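Residue numbers (the working numbering), protein chains in the order written: chain A, 1 to 202; chain B, 203 to 347.
Here a beta-carbon is modelled for each residue, glycine too, at the ideal position from N, C-alpha and C.
Everything numeric in this text was worked out from a predicted model, so none of it was measured.
Remarks on the structure that follows.
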């Protein structure tokens with residue numbers, strides 16, 4: 001065993017609990033380093049090592065990050081199966097798209113569907129109104145990058161009306177129907193309206 | 203002398219990183235639980251960043267055990283190790299729980315009750331693993347014996 005180079009008190013501090021260890025002058029720094037401080041330390045340590053490699057790969061496979069250029073193209077295409085809900089573009093990307101009505105078909109026949117809605121440009125705080133078959137289901141919905149979910153009947157016509165524009169740019173928003181794995185990108189002007197006709201599978 | 207100086211420099215750089223990771227480790231299980239309940243209540247998916255956190259945390263904890271000079275933090279504060287084990291194991295289950303909830307909320311691959319069941323099972327499994335682990339390797343510090 002190597003001769004002790006260092007006072008163990010320095011290493012462990014003046015803690016009373018270490019008095020027993022400190023009194024044992026045979027213990028060198030090397031020996032302390034080799035010993036397990038806790039039961040099963042080495043097993044847990046190698047477990048952590050393996051898990052960190054596993055999570056490194058899981059992180060890339062489960063959290064798909066879509067590059068800006070690809071996303072811009074998807075937005076221009078108006079209908080995307082790639083872009084997950086809550087995806088936001090950089091605020092300074094300027095995309096010219098027109099206001100459009102959509103028809104979404106092929107819903108499973110249990111009578112309702114979830115509709116996710118958010119602003120794909122970011123936190124603009126623009127306000128919209130949501131109507132289903134002419135009935136108001138939400139008087140004022142403030143759009144931002146947080147995804148909101150609405151339960152809508154199928155078949156029905158969902159109308160999105162622009163209410164208040166706080167950002168200066170047109171009111172941008174994206175709608176996703178998880179049933180159909182489709183994200184639709186749209187804009188609406190103040191007092192303008194977009195219609196989404198939901199049709200169940202025949 | 204050079205060796206000690208080197209280890210001192212490494213510690214100075216590692217310690218702030220370690221503290222930051224530890225703070226994340228303490229708060230992320232709470233955040234994950236609230237995220238899972240938010241997905242159940244509001245039916246909107248939540249961004250799952252917990253696998254990124256798990257990678258960073260597991261790598262940092264591994265490093266803290268692997269490098270002898272970092273390990274001294276556990277001799278100084280012995281409660282840190284079992285505490286981080288508990289939090290880490292719980293976070294693994296919760297991250298998978300949120301992953302299953304998002305499979306429903308984002309793409310409807312699973313039905314809602316099945317997703318909740320899987321989230322519950324994944325949390326239950328890691329807790330069962332934790333019980334098994336601490337039965338086999340009890341929380342006690344050998345050096346105090």
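Among the options, which has the Cα closest to the Cα of residue i?
i: residue 245(B); options: 113(A), 104(A), 142(A); result: 113(A)
i: residue 96(A); options: 103(A), 74(A), 111(A); result: 74(A)
i: residue 133(A); options: 146(A), 158(A), 124(A); result: 158(A)
i: residue 308(B); options: 193(A), 128(A), 183(A); result: 183(A)
i: residue 161(A); options: 142(A), 67(A), 192(A), 144(A); result: 192(A)
i: residue 322(B); options: 211(B), 242(B), 281(B); result: 242(B)
Quick check on the burial criterion: 16 or more other C-beta atoms within 10 angstroms. Buried or exposed for residue i?
i: residue 330(B); result: exposed
i: residue 170(A); result: buried
i: residue 202(A); result: exposed
i: residue 338(B); result: exposed
i: residue 237(B); result: buried
i: residue 124(A); result: buried
i: residue 303(B); result: buried
i: residue 277(B); result: buried
Please say whether residue j and residue i have beta carbons closer to each other than 8 Å?
i: residue 37(A); j: residue 107(A); result: no
i: residue 173(A); j: residue 117(A); result: yes
i: residue 185(A); j: residue 87(A); result: no
i: residue 52(A); j: residue 261(B); result: yes
i: residue 292(B); j: residue 231(B); result: yes
Are any of the Cβ atoms in chain A nearer than 8 Å to that of residue i?
i: residue 263(B); result: yes
i: residue 205(B); result: no
i: residue 254(B); result: yes
i: residue 324(B); result: no
Comparing the C-beta of residue i with each C-beta of chain B, is any distance below 8 Å?
i: residue 38(A); result: yes
i: residue 24(A); result: Reliability of the predicted coordinates at residue 24(A) is poor, the pLDDT of 47 falling under 50, and the value obtained from them is presented with this limitation in mind. Output row for residue 24(A): interface = no.
i: residue 90(A); result: no
i: residue 74(A); result: no
i: residue 45(A); result: yes
i: residue 123(A); result: no
i: residue 68(A); result: no
i: residue 62(A); result: yes
Using the Cα positions of residue i and residue j, report the straight-line distance between them to the nearest angstrom.
i: residue 189(A); j: residue 272(B); result: 59 Å
i: residue 298(B); j: residue 178(A); result: 20 Å
i: residue 64(A); j: residue 287(B); result: 29 Å
i: residue 285(B); j: residue 239(B); result: 24 Å
i: residue 300(B); j: residue 55(A); result: 15 Å
i: residue 315(B); j: residue 206(B); result: 57 Å
i: residue 79(A); j: residue 39(A); result: 55 Å
i: residue 195(A); j: residue 100(A); result: 8 Å
i: residue 268(B); j: residue 49(A); result: 10 Å
i: residue 219(B); j: residue 103(A); result: 51 Å
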